[in-house]
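Under the working numbering, think of the first position of the sequence shown as 2, with each following residue one higher. Note that CB positions come from ideal geometry on N, CA and C, so glycine has one too.
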Amino acid sequence: MSIETVEVSDRPVVRTDPTGHAQAPTGQTPSSGPQRRKTAASIRWDYLVFFVSLHLLSLLVFVPYFFSWAGVAALVVGVLVFGQLAIPIAYHRLLAHRSFRSPKWFERTLVTLAMCTAQETPAQWVAWHRRHHSHADEAEDPHSPRVNWFWAHVQWLIHERRGTLQTFSTFEKYARDILADPYYKWIEKLPSPSGVFYFTHLILLTSLAAATTTWWYGWGAEAVRMTASLIVWGVFARTVWVWHITWSVNSVAHLFGYRNFDLQDDSRNNWFVALLTGGEGWHNNHHADPASATVQHRWWEFDPNYYVIRLLAMLGLVTDVVPPREQRRAASKATAKPR
Numbered sequence: 002m003s004i005e006t007v008e009v010s011d012r013p014v015v016r017t018d019p020t021g022h023a024q025a026p027t028g029q030t031p032s033s034g035p036q037r038r039k040t041a042a043s044i045r046w047d048y049l050v051f052f053v054s055l056h057l058l059s060l061l062v063f064v065p066y067f068f069s070w071a072g073v074a075a076l077v078v079g080v081l082v083f084g085q086l087a088i089p090i091a092y093h094r095l096l097a098h099r100s101f102r103s104p105k106w107f108e109r110t111l112v113t114l115a116m117c118t119a120q121e122t123p124a125q126w127v128a129w130h131r132r133h134h135s136h137a138d139e140a141e142d143p144h145s146p147r148v149n150w151f152w153a154h155v156q157w158l159i160h161e162r163r164g165t166l167q168t169f170s171t172f173e174k175y176a177r178d179i180l181a182d183p184y185y186k187w188i189e190k191l192p193s194p195s196g197v198f199y200f201t202h203l204i205l206l207t208s209l210a211a212a213t214t215t216w217w218y219g220w221g222a223e224a225v226r227m228t229a230s231l232i233v234w235g236v237f238a239r240t241v242w243v244w245h246i247t248w249s250v251n252s253v254a255h256l257f258g259y260r261n262f263d264l265q266d267d268s269r270n271n272w273f274v275a276l277l278t279g280g281e282g283w284h285n286n287h288h289a290d291p292a293s294a295t296v297q298h299r300w301w302e303f304d305p306n307y308y309v310i311r312l313l314a315m316l317g318l319v320t321d322v323v324p325p326r327e328q329r330r331a332a333s334k335a336t337a338k339p340r
């Protein structure tokens, strides 16, 4: 197996516990230079083949035969459901940071939708993300752009080294609470769980699209074309779009943008990424206060994902929404008993 060396600066950061609540800085001292680590250069061919195949299939949106406004609508709805509710709200703010609570049935429903994005299991996603916060832009960060932009965006996913992050010790350290749930533990025991969920949802959506278009257009070529359009736009293109907007937080939002907080990591607030991801691009704000359910620190830093969380709270589907640190401190002072 060939070996390559990548460099990542090893600097001290403010540590976080598994839910993202800030702890005191570690006593670690900065190294005199960038830390060198060896990583296996071989490729995970199973993931690469799937990755390339989905990208090629998504390019069918540029073929006129597959265009329809119903397909475009399916893309938009799919991005809202899978790219907003499933990943940023369920995987990120709910599971990884515990910034609010939900009834278990609703949480598992959102997680099931997230599994249909082919972005790994809840335990894997949460473990990697919590490790990222604990070692942001250090050598132990799974996807720091200090290696290079492409590594942070996607290369770390198709790299064989990713397998070293899928160990029992990693899950035990960073995702023990996730595996305590029987449903999430069952998911981990499946053979290729992401593939099982993704292809199951593909079959279900294809069947639903075929039944709907046949009912509307009757048997014939137009029903076939519309079914294909709905799948190309609503599944293949949507999957690739959600992949890249999620990955852009790891790559673009650690390279380009402004900073409200002078942290030891390279996190940035990037308005374009925030626009694409429903607020996740206010990444410097998030790294400064990862426990908070909102990343909005200025009036114009709109956070649609948080607005959805507040709406779900009004509907009784969300409770215990964690406010920003300033509000938590004010509430703590207000309830503190005088000595």
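About 6 Å separates the beta carbons of residue 288 and residue 266, which is inside the 8 Å limit, making them a contact pair. Residue state for residue 283 is assigned as strand, using DSSP reduced to three classes. Going by C-alpha positions, residue 118 is about 42 Å away from residue 334. When the beta-carbon positions are compared, residue 158 and residue 48 come within less than 8 Å of each other. Here residue 298 is not near residue 271, since their CB atoms are 8 Å or more apart. In this structure residue 255 touches residue 138 by the C-beta definition: roughly 7 Å separates them, less than 8 Å. With a cut-off of 8 Å on Cβ pairs, the region 99 to 114 is not in contact with the region 136 to 156, counting fewer than three such pairs. If the five residues before and after residue 79 are omitted, its C-beta is found closer than 6 Å to the C-beta atoms of 235, 239, all from its own chain and listed in chain order. Residue 151 and residue 252 have their C-alpha atoms spaced approximately 8 Å apart. For residue 207 and residue 64, the gap between their C-alpha atoms comes out near 19 Å. In the structure shown, residue 160 falls within a strand segment according to DSSP collapsed to helix, strand and coil. No Cβ-Cβ contact shorter than 8 Å links residue 281 with residue 243. Per DSSP, residue 320 is not a residue of any alpha helix (DSSP H), being assigned neither H nor E. The Cβ-Cβ distance between residue 83 and residue 310 does not fall below 8 Å.
Counting only the Cα atoms, residue 149 lies some 14 Å from residue 160. By the neighbour-count definition (other C-beta atoms within 10 Å, threshold 16), residue 183 is an exposed residue. Residue state for residue 147 is assigned as coil, using DSSP reduced to three classes. By a beta-carbon distance limit of 8 Å, residue 291 contacts residue 134. Their separation comes to about 6 Å. The C-alpha of residue 90 lies about 7 Å from the C-alpha of residue 306. Per DSSP, residue 206 is one residue of the alpha helix (DSSP H) stretching across 194 to 218.
Taking the Cα of residue 74 as reference, the smallest distance to any Cα among 232, 241, 57 is reached at 232.
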